[in-house]
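Colleague: Below: one structure in C-alpha cells.
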Amino acid sequence: MTILVTGGAGFIGVNFVHDWLAVSDEPVVNLDVLTYAGNPDSFASLRGDGRHIFVKGDICDRELVDRLLAEHRPRAIVHFAAESHVDRSIHGPGEFMRTNVTGTFTLLEAARAYWGALEGAEREGFRFHHVSTDEVYGSLTADAAPFTETHPYEPNSPYSASKAASDHLVRAWHHTYGLPVTTSNCSNNYGPYHFPEKLIPLIIVNALAGKPLPIYGDGRQVRDWLYVKDHCAAIRVVLERGRVGETYNVGGWNEKPNIDIVNTVCALLDELRPDAAGPYSRLITYVADRPGHDRRYAIDARKIERELGWRPAETFETGIRKTVQWYLDNQAWVSNVQTGAYREWVERNYVAR
Ligand code: NAD
Ligand code: TYD
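Each residue of the sequence shown is one higher than the last, beginning at 477 in the numbering used here.
Following this line, the structure appears as C-alpha cells:
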C-alpha cells in the first residue's frame with residue numbers, strides 16, 4: 477500500500493510525511509513542484525529511505541498525475557499543495573487561482589479516472605483527503621460562536637476565496653461522481669519547518685536578527701493556533717475513519733490576539749537566548765494593516781472529537797516552546813530559506829508599509 481501526498485515539501489506537508497513514516501512503513505509518494513515555499517532540506521533526513529519517493533512536479537500537470545497514479549496505485553491522496561500566504565495573495569492572486577483552484581480540479585479529475593477503474597476492496601477503500609483552512613468561513617465578531625462545519629462560506633481574501641473554491645470542487649466531485657472524499661478545515665498552524673513569511677517564524681527569525689517585529693494594524697486580530705503535529709494527527713485520523721463526504725473542523729481551542737502571540741515568543745527568546753541589548757519586545761513595531769484583514773477566526777472542533785476521538789495533544793505553552801527551540805536548533809535551515817527571493821518578498825511586503 478502507498479499514499480500520494482501533494483505539497484509534501486511545504487510546512488504542513490513535510491511534517492505530515494515525517495510523522496507518517498515515523499509511525500508506519502507505508503510508502504509516501506511526495507509530489508511537489510518546489511515553489512519558494514517547498515524546501516527539500518526539510519526532508520534531508522529521509523534521503524536514502526526507500527519509503528519516501530519524491531517527485532518534483534506540478535499538480536496542474538494531468539499527464540504526470542495520471543502516470544504517478546498508474547505507477548504507484550495509491551490507496552489515498554492527501555492534498556496539501558497550495559499557495560498559502562494571504563499577503564502574497566493580495567500582491568499577486570493569479571498563482572492562487574492556478575494552483576489552488578485549477579490544481580485541485582486537475583487532481584480531482586485524475587483521481588476520478590483512477591478510482592473509477594478500481595474494483596472491489598481497492599475501490600471501496602480509496603480516499604481523497606483535501607486539506608483546507610478555517611479562513612473559508614470569513615471573519616467573526618468578538619462574541620460570535622466559533623466556526624462549525626455548517627457555517628456559511630464567506631471568504632474575504634484571494635487566498636481564502638481560492639481555498640473555498642477548491643472545497644466546493646471537492647464537495648461537488650463527491651456529490652456528482654461519488655468520489656470518496658473527506659475535507660478538513662484547520663486553524664493557524666505553527667511548528668518546525670514553517671516558512672518565515674508567516675507570523676510566528678517571522679517573529680522568531682527577525683528577533684534573532686535584531687530586526688523590527690511587524691504588527692499589522694492594532695495587533696488585536698484573533699487567530700486559533702494549533703501545533704502542526706496535532707494537525708497531522710487529525711488528518712491521519714480522518715483518513716483512517718472519517719466518514720466519506722464529510723468535512724471536519726480542526727483547531728487548538730487556543731484563540732489569541734496577535735500581540736499576545738508575539739509577546740509570548742519574545743518572552744521565550746528572552747529565556748532561551750537572552751539578548752544583551754534588552755528584551756526582544758523592544759523590537760515590536762506597529763505597521764500599516766493588511767487590506768481586508770479578517771478580525772477573528774475560531775474553530776469549534778467538537779465534531780472531530782465526538783466522531784473520531786481526536787483532540788490536540790499540545791497546549792499552546794508546550795507547542796510554542798518546542799517551536800522556538802526548534803528554530804534555535806535549526807539556524808542552518810533558516811538561513812538556507814532566506815535566499816534572494818525571500819529578501820525580495822520582505823522588501824515588497826514591509827519596506828513600503
Ligand atoms: P506551504 O506554502 O508551506 O507549502 C505548500 C507546498 O505546496 C510547497 O511545498 C509548494 O512547493 C507546494 N506547491 C505549491 N504549488 C504547487 C503545485 N502547483 N504543484 C505541486 N506542489 C505545489 O503551505 P502549508 O502551510 O504547508 O499549507 C499546506 C496546506 O494546508 C494548504 O492547502 C493550506 O491551505 C492548508 N492550511 C494551512 C494552514 C497553515 O496555518 N499553514 C492552516 C490550515 C490549512
Ligand atoms: P499569517 O501567519 O500570515 O496567517 P493568516 O493570515 O493566514 O492568519 O498571519 C497571522 C496573523 O498575524 C494575521 O492576523 C496577520 C498577522 N501578521 C502580522 O501582524 N504581522 C506580520 O508580519 C504577519 C506576516 C502577519
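The beta carbon of each residue, even a glycine, is placed where N, CA and C say it ideally should be.
Note that the structure is a prediction, hence the values are computed from the model and not measured.
Based on Cα-Cα distance, which residue from R719, P668, N739 and R819 lies nearest to N806?
Modeller: Along the sequence shown, read from residue 1 onward, the residue named residue 806 stands at position 330. Per the Cα distances, P668.
Colleague: Say whether the segment 654 to 666 touches the segment 700 to 718, bearing in mind that this needs 3 or more beta-carbon pairs closer than 8 Å, one atom from each stretch.
Modeller: Output reads yes: the segment 700 to 718 touches the segment 654 to 666.
Colleague: Which whole-angstrom value describes the C-beta separation of Y818 and V763, a residue pair presumed to lie in contact below a C-beta threshold of 8 Å?
Modeller: Residue numbering aside, residue 818 sits at position 342 when the sequence shown is read from its first letter. Residue numbering aside, residue 763 sits at position 287 when the sequence shown is read from its first letter. Wrong, their Cβ atoms sit about 18 Å apart, outside the cutoff.
Colleague: When you compare only the Cα positions, how much space is there between P631 and A637?
Modeller: Residue 631 sits at position 155 when you count from the first residue of the sequence shown. Residue 637 sits at position 161 when you count from the first residue of the sequence shown. Each residue's Cα considered, the two are about 5 Å apart.
Colleague: On the DSSP bridge list, what partners appear for Q700?
Modeller: Reading the sequence shown from its first residue, position 224 is the one you call residue 700. According to the sequence as given, residue 700 is Asp; it is not Gln. Paired residue(s): E731.
Colleague: Using 8 Å for Cβ pairs, my map puts T582 next to C536. What's the rounded Cβ distance?
Modeller: By 1-based counting over the sequence shown, the position of residue 582 is 106. By 1-based counting over the sequence shown, the position of residue 536 is 60. Confirmed, Cβ separation roughly 5 Å.
Colleague: Hey, would you say F792 sits closer than 8 Å to N730, going by beta carbons?
Modeller: Locating residue 792 in the sequence shown gives position 316, where the first residue counts as 1. Locating residue 730 in the sequence shown gives position 254, where the first residue counts as 1. Yes; because the gap between Cβ atoms is below 8 Å, this pair is in contact.
Colleague: If you follow the beta strand (DSSP E) that S660 is in, where does it begin and where does it stop?
Modeller: Locating residue 660 in the sequence shown gives position 184, counting from the first residue. That run of the beta strand (DSSP E) goes V657 to C662.
Colleague: Along the chain, where does the beta strand (DSSP E) that runs through Y724 open and close?
Modeller: Here residue 724 refers to the residue found at position 248 of the sequence shown. Element bounds for Y724: T723 to V726.
Colleague: Any chance the CB of I691 is under 7 Å from a heavy atom of the ligand TYD?
Modeller: One-based indexing of the sequence shown puts residue 691 at position 215. At least one heavy atom of the ligand TYD is nearer than 7 Å to the Cβ of I691, so yes.
Colleague: Exposed or buried, P634, counting other C-beta atoms within 10 Å across all chains shown (16 or more means buried)?
Modeller: As a working mapping, residue 634 is identified with position 158 in the sequence shown. The residue is buried, with at least 16 neighbouring Cβ atoms inside 10 Å.
Colleague: Take the Cβ of V720 as the centre, count every other Cβ of all protein chains shown within 10 Å, and call the residue buried at 16 or more, exposed below.
Modeller: Start at 1 with the first residue of the sequence shown, and residue 720 comes out as number 244. V720 is exposed by the Cβ-count criterion.
Colleague: What's the gap between the Cα of P550 and the Cα of F572?
Modeller: Translated into the one-based positions of the sequence shown, residue 550 becomes position 74. Translated into the one-based positions of the sequence shown, residue 572 becomes position 96. Between P550 and F572, the C-alpha separation is close to 27 Å.
Colleague: Can you have a look at D619 and say buried or exposed, based on whether 16 or more other CB atoms are within 10 angstroms of its CB?
Modeller: Locating residue 619 in the sequence shown gives position 143, counting from the first residue. Per the 10 Å Cβ criterion, exposed.
Colleague: State buried or exposed for G592, treating a residue as buried only when at least 16 other CB atoms are found within 10 Å of its CB.
Modeller: Against the sequence shown, residue 592 aligns to sequence position 116. Counting Cβ neighbours within 10 Å, G592 comes out exposed, since fewer than 16 surround it.
Colleague: Quick one, which of T626, I780 and H651 has its alpha-carbon nearest E716's?
Modeller: If you number the sequence shown from 1, residue 716 lands on position 240. Among T626, I780 and H651, the Cα nearest to that of E716 belongs to I780.
Colleague: Considering only residues of the segment 735 to 802, which uninterrupted beta strand (DSSP E) runs meet the minimum length of 3 residues and lie entirely inside it, listed in chain order?
Modeller: List check, beta strand (DSSP E) in window: 760 to 763.
Colleague: To the nearest angstrom, how far is it from the Cα of D508 to the Cα of N812?
Modeller: In the sequence shown, counting from the first residue as 1, residue 508 sits at position 32. In the sequence shown, counting from the first residue as 1, residue 812 sits at position 336. Roughly 18 Å separates the two Cα atoms.
Colleague: Does DSSP put Y666 in a helix, in a strand, or in coil?
Modeller: On the sequence shown, residue 666 is found 190 positions in, with the first residue counted as 1. Note: Y666 maps to strand in three-state DSSP.
Colleague: When we look at the beta-carbon of K705 and count the other beta-carbons within 10 Å, is it buried (16 or more) or exposed?
Modeller: By 1-based counting over the sequence shown, the position of residue 705 is 229. Buried: at least 16 other Cβ atoms inside 10 Å.
Colleague: Please give the ranges of any alpha helix (DSSP H) in the segment 563 to 649, keeping only runs that are unbroken, at least 4 residues long and fully inside the region.
Modeller: The segment 563 to 649 contains these whole alpha helix (DSSP H) runs: 580 to 592 and 596 to 601.
Colleague: So, is the C-beta of Y724 closer than 8 Å to a C-beta in chain B?
Modeller: Of the protein chains in the structure, only one exists, and it is not chain B.
Colleague: Judging by CA-CA distance, which residue of L480, I479, H644 and F492 is the nearest neighbour of H670?
Modeller: For the purposes of this step, residue 670 is taken as residue 194 along the sequence shown, with counting starting at 1. Out of L480, I479, H644 and F492, F492 has the C-alpha closest to the C-alpha of H670.
Colleague: Report the partner residues of Y692 according to the DSSP bridge assignment.
Modeller: Residue mapping note: residue 692 aligns to position 216 of the sequence shown, counting from 1. Beta-bridge pairing links Y692 to V763.
Colleague: Skipping 5 residues on each side, what residues in its chain have a beta carbon closer than 7 Å to that of A640?
Modeller: Counting from 1 along the sequence shown, the entry for residue 640 is found at position 164. These residues qualify, in order along the chain: V612, Y629 and P631.
Colleague: Starting from I529, follow its DSSP beta bridges and name the residues at the other end.
Modeller: Here residue 529 corresponds to residue number 53 of the sequence shown, with the count starting at 1. Answer is V505.
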